[in-house]
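Student: For the sequence shown, position 40 (counting from the first letter as 1) is numbered 40 according to the numbering used here, and the numbering increases by one without interruption.
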Amino acid sequence: MVVSEVVGTLSFLKPQPDDDFVDRLHYYYTSTLLLVAAATLISYALFLIQSQVLMSLKMFGGRPIECWVPAEYRGGWEDYTEMFCWARSTYWVSFDEEIPENISDREKRMVSYYQWTPFFFVICAFLFYAPCLIWRMMYDKSGTLFRKFAILL
């Protein structure tokens, strides 16, 4: 019942008869693919946070990233460092390599996109769908019958 209501609410997103395959490829299939990718990444991140919460029995959510910090960092210092890593960026080092001491070596290994990827996908999906949305809003105000003409063809 809930699924049918959601599908009914989102029925305005379905392809219309006044466009062609290339239009549908841009506004329907690409935006749907990007939204599915964003939802997958978000749900995966939420799953990781949820599993960490369940494993560590924390009261208020999990940690999105775990950074190696000096042993002197305890409590608030460790939390601050991990939130800084999450917001700014981090670098990747495999287990069999030494941690680079040179800052330029660390900058070569920077990974700064991971937390923004789902939001980027949602924005791209909206930008792919926006021309179709504008067309539909303007179509209702134009007074022409393009859809009926397209159906007749």
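Built from N, CA and C at the ideal position, the CB exists for glycine as well. What you are looking at is a predicted structure, and each value in this text was computed from that prediction instead of being measured.
Is it right to say Glu-95 is buried, meaning 16 or more other beta carbons lie within 10 angstroms of its own, or is it exposed?
Tutor: The sequence given here has Phe at residue 95, not Glu. Classification of Phe-95: exposed, given that the 10 Å Cβ count is below 16.
Student: Taking 8 Å as the cut-off, does the stretch 127-138 touch the stretch 19-36 (at least 3 CB pairs, one atom from each stretch)?
Tutor: Short answer: they touch.
Student: Just the C-alpha distance for Ala-125 and Glu-72, rounded to the nearest angstrom, thanks.
Tutor: Their backbone Cα atoms lie some 45 Å apart in a straight line.
Student: Smallest Cα separation from Val-111: which of Leu-33, Arg-88, Pro-100?
Tutor: Comparing Cα-Cα distances from Val-111 to each of Leu-33, Arg-88, Pro-100, the minimum goes to Arg-88.
Student: Arg-109 and Trp-92 look like a contact to me (Cβ under 8 Å); what is the Cβ gap, rounded to whole Å?
Tutor: Arg-109 to Trp-92, Cβ: 5 Å. Contact.
Student: State the CB to CB distance for the pair Leu-41 and Thr-117, rounded to an integer number of angstroms; the pair is presumed to be in contact (CB under 8 Å).
Tutor: With 8 Å as the limit, Leu-41 and Thr-117 qualify as a contact, their Cβ atoms being about 6 Å apart.
Student: Hey, out of Glu-97, Glu-98, Val-69, whose CA is closest to Phe-84's CA?
Tutor: Answer by Cα proximity: Val-69.
Student: Could you tell me if Ala-39 is buried or exposed, where buried requires 16 or more neighbouring beta carbons within 10 angstroms of its beta carbon?
Tutor: Exposed, because fewer than 16 other Cβ atoms sit within 10 Å of the Cβ of Ala-39.
Student: Under a three-way DSSP split, which group does Arg-74 fall into?
Tutor: Note: Arg-74 maps to coil in three-state DSSP.
Student: Would you identify the three-state DSSP class for Val-111, choosing helix, strand or coil?
Tutor: DSSP places Val-111 in strand when its eight states are reduced to three.
Student: Which term fits Ser-31, buried or exposed, when burial requires 16 or more other beta carbons within 10 angstroms of its beta carbon?
Tutor: By the 10 Å Cβ count, Ser-31 comes out buried.
Student: Closest by CA to Leu-34, which one among Val-122, Trp-77, Arg-106?
Tutor: Residue Val-122 is the option with its Cα nearest to Leu-34.
Student: On the criterion of 16 or more Cβ atoms from any shown chain inside 10 Å, does Tyr-27 qualify as buried, or is it exposed?
Tutor: With 16 or more other Cβ atoms within 10 Å, it is buried.
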